[in-house]
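Shown next, in structure tokens, is the structure this report addresses.
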Amino acid sequence: MNDFELACKVVLVGDSTVGKSSILSRYVNNLYSSSNVSTIGVDFHLKNINIDGRIIRLQIWDTAGQERFRSLTQGFYRGAQGICLVFDVTREDTFQRLGNWVKEIENFAKDCVVYLIGNKIDLDAKRMVSKETAEQFAKSYNLKYFESSAKDDTGMSLFESLTRDMLRKRN
Ligand code: GDP
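Under the working numbering, think of the first position of the sequence shown as 1495, with each following residue one higher.
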């Protein structure tokens, strides 16, 4: 019997320093570093995920820092089937700017499965955006909401859920 193998492109977007690279590094390599070193030039990471016996190859793209200077280019989104839009629950400004990101996604990547991710939930004492507020925003744009901590390894099941939703959308 042939194994059914499929590749899906996922992109991580959101303001600088919200933890996109850290989420990727936690999910793909199970590593976390508290130093803020940009991974300039790294385009994507590969991770195979088993969904009910089907091996799906996730190609997960990080922005490599371009989001600091301008919005991302259409090329970054090309071919993407899934998008993780990340903000930092301890920084209200990263939540306020989500609307701009949603507009960019609507322009460049209309038919993707989009998840909203509130990261850094380990920093509970510094939290500025409540789960309820974020859930309400997500609901108004028809996005699924997940919370994560790359530091504590919380919420990484979002990738399995995202993959299942991408597969459903293809079928
Ligand atoms: P990016 O610019 O969005 O890729 O953000 P980075 O992954 O480079 O993270 C920016 C900073 O936030 C780094 O110092 C990380 O160590 C820190 N960081 C990322 N995720 C978390 C988290 O879940 N909890 C905490 N406490 N810090 C985090």
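By construction, the Cβ of each residue, glycine as well, lies at the ideal position given by its N, Cα and C atoms.
Treat the numbers as computed from the prediction; the structure is a model and nothing was measured.
Quick one: is residue i buried, meaning 16 or more other Cβ sit within 10 Å of its Cβ, or exposed?
| i | result |
| --- | --- |
| S1458 | Beyond the ends of the chain as shown, which are 1495 and 1665, falls residue 1458; an answer cannot be given. |
| G1547 | exposed |
| A1619 | exposed |
| R1664 | exposed |
| G1513 | buried |
| A1632 | buried |
| K1625 | exposed |
My assumption, with CB atoms under 8 Å, is that residue i sits in contact with residue j. Please give the rounded CB distance.
| i | j | result |
| --- | --- | --- |
| L1552 | T1627 | With 8 Å as the limit, L1552 and T1627 do not qualify as a contact, their Cβ atoms being about 29 Å apart. |
| V1580 | G1508 | 4 Å |
Excluding the 5 residues preceding and the 5 following residue i in the sequence, name in chain order all residues of the same chain whose CB lies nearer than 7 Å to its CB.
| i | result |
| --- | --- |
| E1499 | I1549 and R1551 |
| Q1568 | F1602 |
| R1591 | D1509 |
| D1646 | D1616 |
| R1520 | Y1526, A1644, D1647 and M1650 |
| S1516 | Y1526 and A1644 |
So, for residue i: in the same chain, excluding its five sequence neighbours on each side, which residues have a beta-carbon less than 6 Å away from its beta-carbon?
| i | result |
| --- | --- |
| D1638 | According to the sequence displayed, residue 1638 carries Lys and not Asp. Cβ neighbours of K1638 beyond the five flanking positions: Y1609. |
| W1555 | V1505 and F1538 |
Please go through the same chain and pick out, in chain order, the residues whose beta-carbon is closer than 8 Å to the beta-carbon of residue i, but skip the five residues on each side of it.
| i | result |
| --- | --- |
| E1586 | M1622 and V1623 |
Checklist entry - Does the segment 1565–1575 come close enough to the segment 1588–1602 that 3 or more CB-CB pairs lie under 8 Å? => result Taking a cut-off of 8 Å on C-beta distances, the segment 1588–1602 touches the segment 1565–1575, as three or more cross pairs fall below it.
Item to check | Residue ranges of each beta strand (DSSP E) within the segment 1623–1663, 3 or longer | outcome: Runs of the beta strand (DSSP E) spanning 3 or more residues and lying entirely within the segment 1623–1663 occur at 1638–1642, in chain order.
Checklist entry - Between the segment 1614–1621 and the segment 1537–1545, are three or more C-beta pairs nearer than 8 Å? => result Taking a cut-off of 8 Å for Cβ pairs, the segment 1614–1621 and the segment 1537–1545 do not touch, as fewer than three such pairs fall below it.
Checklist entry - Do the segment 1583–1596 and the segment 1522–1529 make contact, defined as three or more Cβ pairs closer than 8 Å? => result Touching, no.
Next on the checklist: Report the start-end ranges of each alpha helix (DSSP H) in the segment 1545–1626 that is 4 residues or longer and not cut off at the edges.
Outcome noted: Listed in chain order, they are 1568–1571, 1586–1590 and 1592–1602.
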